[in-house]
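Trainee: Here it is, the structure in full.
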Amino acid sequence: MTQPHTDAEAPDIKYFFIRRPVLAAVISIIITLLGAFAIRLLPISRYPQITPPAVQVTAVYPGATAEDVAEAVAAPIEQQLSGLQGLLYYSSANSSDGTMSLNISFDVSRSQDLAAVDVQNAVQVAEPQLPAAVRQNGVTIVKANTDILSVVALSSTDARYDAAYLTNYMKLYLENELKRVPGIGNATVFAGLEFSMLLQLDPDRMAQLGVTMTDVSDAVREQNATNPAGRLGREPAPQGTQLTLPVTTLGRLQTPDQFNDIVVRADSDGSLIRIRDIGKATLGARNYDLSGRLNGGPTAFMLLYLRPGANALAVKAAVLHRLDELAASFPPGVSYKVPFDTTPFVTESIREVLTTLVEALVLVTLVVFLFLQSWRATLIPMLAVPVSVVGTFLGLLLLGFSINVLTLFGLVLA
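Numbering (the numbering used here), first residue to last: 530 to 943.
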């Protein structure tokens with residue numbers, strides 16, 4: 530005949546807490562408080578961060594076709610990427626305007642910061658093989674972010690401010706300011722017209738004067754630069770010199786007239802061939818392939834990316850607060866809008882899951898009461914469920930999870 534086990538023979542944790550209700554209540558309160566504190570520290574997003582870390586390399590080869598960019602820019606850089614630690618794959622996109630975008634993805638265990646350093650070292654090795662125009666414009670390396678937060682649009686009701694003006698105003702006065710907002714991973718101006726000085730040359734006139742495109746580009750590069758001009762009166766100076774004066778040159782050119790006066794060639798007879806003799810300089814946009822519009826009006830757009838682990842709702846509130854501060858100094862008629870925002874999806878998704886969680890708690894309470902037929906006995910699971918749910922957030926914080934649709938759905942199922 531089997532004898533029942535006593536407490537001494539088989540200690541059970543449930544009897545331990547039943548005999549010590551005060552200790553059980555204190556532990557439950559501590560778990561609840563720690564869980565509530567963890568909720569404030571957990572990042573909030575729609576979905577968990579599951580994409581592998583990525584690094585983006587961009588370069589511009591002015592005047593080159595997509596095939597030229599692939600062979601002269603993308604290929605030398607890609608050859609240096611094969612030995613990078615944790616590399617999964619890379620893909621490049623080359624456009625007809627001379628732009629190259631190379632996206633490099635790494636294993637999820639690889640630190641994005643270290644991966645960016647490795648890519649930068651690889652690009653430095655490949656730089657001597659790149660065309661001079663690419664090296665002059667520079668190769669940009671950034672940590673890629675795929676979690677889009679929102680899109681900011683800058684538009685104007687004043688006809689004086691066209692898309693080119695709005696794009697450059699956004700790049701000068703908004704882009705860097707929003708990048709400094711805590712939680713923003715990156716801010717990129719897109720679909721806009723960037724100011725540029727355009728040289729419209731007459732090929733027939735150039736052929737008559739014997740001027741080539743190389744002559745024009747060399748003249749612009751040499752004369753549109755800031756060069757030190759030295760000082761007057763430096764030693765060794767004539768006796769009696771009392772002043773030393775720095776010589777200031779014009780430096781980088783600003784207006785179309787200044788570009789029109791650039792000397793392309795000086796002939797032996799003393800005649801000068803300037804830009805105005807073979808064409809003209811006009812202020813326009815660097816690229817007309819893309820142009821943003823909102824409600825039919827010219828608009829500049831900026832894409833904001835969320836930093837991994839950041840609270841999307843808090844970051845969105847900080848961005849709006851900073852935009853309101855910057856809007857006080859906008860030109861008359863210029864205003865901002867947020868035409869695309871991911872945070873409402875986050876808020877509504879979490880609200881629906883929380884509603885389902887409350888409904889599940891009510892159903893559990895009713896089912897327990899239906900079988901136990903006692904509200905006093907039902908009180909224990911009614912209190913245990915909220916304690917376990919709130920305490921779970923402490924575990925989420927310790928394990929590096931975030932509050933998202935999937936983690937909350939797991940709580941509902943539990």
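Built from N, CA and C at the ideal position, the CB exists for glycine as well. As the structure is a prediction and not an experimental result, all values here were calculated from the model.
Answer yes if the region 566 to 579 comes into contact with the region 835 to 852, meaning at least three C-beta pairs across the two stretches below 8 Å, and no otherwise.
Mentor: As far as the Cβ criterion goes, the region 835 to 852 touches the region 566 to 579, which means the pair count is three or higher.
Trainee: Could you check the C-alpha separation between Arg822 and Ala688 for me, to the nearest Å?
Mentor: The residue labelled residue 822 in the question sits at position 293 within the sequence shown. The residue labelled residue 688 in the question sits at position 159 within the sequence shown. Their Cα atoms are separated by approximately 14 Å.
Trainee: What is the rounded straight-line gap between the Cα of Ala846 and the Cα of Pro868?
Mentor: Mapped onto the sequence shown, residue 846 falls at position 317. Mapped onto the sequence shown, residue 868 falls at position 339. Going from the Cα of Ala846 to the Cα of Pro868 covers about 15 Å.
Trainee: Within its chain, find whatever has a CB closer than 6 Å to the CB of Gly826; leave out the 5 residues flanking it on each side and keep chain order.
Mentor: What you label residue 826 is simply residue 297 of the sequence shown in a count that begins at 1. Correct list, in chain order: Ser684.
Trainee: Please classify Pro827: does DSSP put it in a helix, a strand, or coil?
Mentor: The count along the sequence shown starts at 1 and reaches residue 827 at position 298. It is a strand residue.
Trainee: Tell me which residue opens and which closes the alpha helix (DSSP H) that Leu890 is part of.
Mentor: Start at 1 with the first residue of the sequence shown, and residue 890 comes out as number 361. Segment Thr872 to Leu901, the alpha helix (DSSP H) holding Leu890.
Trainee: Which residues bound the beta strand (DSSP E) around Arg709?
Mentor: Translated into the one-based positions of the sequence shown, residue 709 becomes position 180. Careful: Arg709 lies outside any beta strand (DSSP E) and carries neither H nor E.
Trainee: Taking contact to mean at least 3 C-beta pairs separated by less than 8 Å, is the region 733 to 742 in contact with the region 852 to 868?
Mentor: They do not touch, by the three-pair rule.
Trainee: When you compare each of Val934, Thr696, Thr669 and Val668 to Gly813 by their alpha carbons, which one comes out closest?
Mentor: Reading the sequence shown from its first residue, position 284 is the one you call residue 813. Among Val934, Thr696, Thr669 and Val668, the Cα nearest to that of Gly813 belongs to Thr696.
Trainee: Using three-state DSSP, classify Gly939 as helix, strand or coil.
Mentor: Sequence index remark: in the sequence shown, residue 939 carries index 410 (1-based). In this structure, Gly939 counts as helix in the three-state DSSP scheme.
Trainee: Starting from Thr696, trace the alpha helix (DSSP H) in both directions and tell me its first and last residue.
Mentor: The count along the sequence shown starts at 1 and reaches residue 696 at position 167. Its alpha helix (DSSP H) spans residues Ala692 to Tyr702.
Trainee: Note down the Cα distance separating Phe938 from Gln658, rounded to an integer number of angstroms.
Mentor: Reading the sequence shown from its first residue, position 409 is the one you call residue 938. Reading the sequence shown from its first residue, position 129 is the one you call residue 658. In a straight line, the C-alpha of Phe938 is about 52 Å away from that of Gln658.
Trainee: With a threshold of 6 Å on Cβ separation, who are the neighbours of Leu923 within its own chain once the five nearest residues in sequence on each side are excluded?
Mentor: Taking the first residue of the sequence shown as 1, we reach residue 923 at position 394. So the qualifying residues of the chain are Leu563, Gly564 and Ala567.
Trainee: Rounded to the nearest angstrom, what separates Leu761 and Gln752 at their Cα positions?
Mentor: Stepping through the sequence shown from its first residue, residue 761 is reached at position 232. Stepping through the sequence shown from its first residue, residue 752 is reached at position 223. For Leu761 and Gln752, the distance between alpha carbons rounds to 22 Å.
Trainee: I'd like the ranges of any beta strand (DSSP E) spanning at least 3 consecutive residues and lying wholly in the region 629 to 689.
Mentor: The qualifying runs are 669 to 673 and 677 to 685.
Trainee: Tell me whether the beta-carbon of Ser634 lies closer than 8 Å to the beta-carbon of Leu617.
Mentor: The residue given as residue 634 occupies position 105 in the sequence shown. The residue given as residue 617 occupies position 88 in the sequence shown. Their beta carbons are under 8 Å apart, which means Ser634 touches Leu617 by this criterion.
Trainee: Answer yes or no: do Asp642 and Leu835 have a C-beta to C-beta separation smaller than 8 Å?
Mentor: Working through the sequence shown from its first residue, we reach residue 642 at position 113. Working through the sequence shown from its first residue, we reach residue 835 at position 306. Result no, Cβ atoms of Asp642 and Leu835 do not sit closer than 8 Å.
Trainee: By DSSP, does Pro775 sit in helix, in strand, or in coil?
Mentor: Within the sequence shown, numbered from 1, the residue matching residue 775 stands at position 246. Residue state, collapsed to three classes: strand.
Trainee: Comparing alpha-carbon positions, which option in Ile713, Ala716, Lys809 and Phe830 lies nearest Val749?
Mentor: What you label residue 749 is simply residue 220 of the sequence shown in a count that begins at 1. The residue with the shortest Cα to Cα distance from Val749 is Lys809.
Trainee: Considering only DSSP beta bridges, list what Gly808 is partnered with.
Mentor: On the sequence shown, position 279 is the one that residue 808 refers to. Note: Gly808 sits in a beta bridge opposite Leu730.
Trainee: Sort out for me which residues DSSP pairs Leu801 with in a bridge.
Mentor: Translated into positions along the sequence shown, residue 801 becomes position 272. Answer is Ala795, bridged to Leu801.
Trainee: Could you compute how far the alpha carbon of Ile542 sits from the alpha carbon of Gln649?
Mentor: Residue 542 sits at position 13 when you count from the first residue of the sequence shown. Residue 649 sits at position 120 when you count from the first residue of the sequence shown. Approximately 57 Å between the Cα atoms of the pair.
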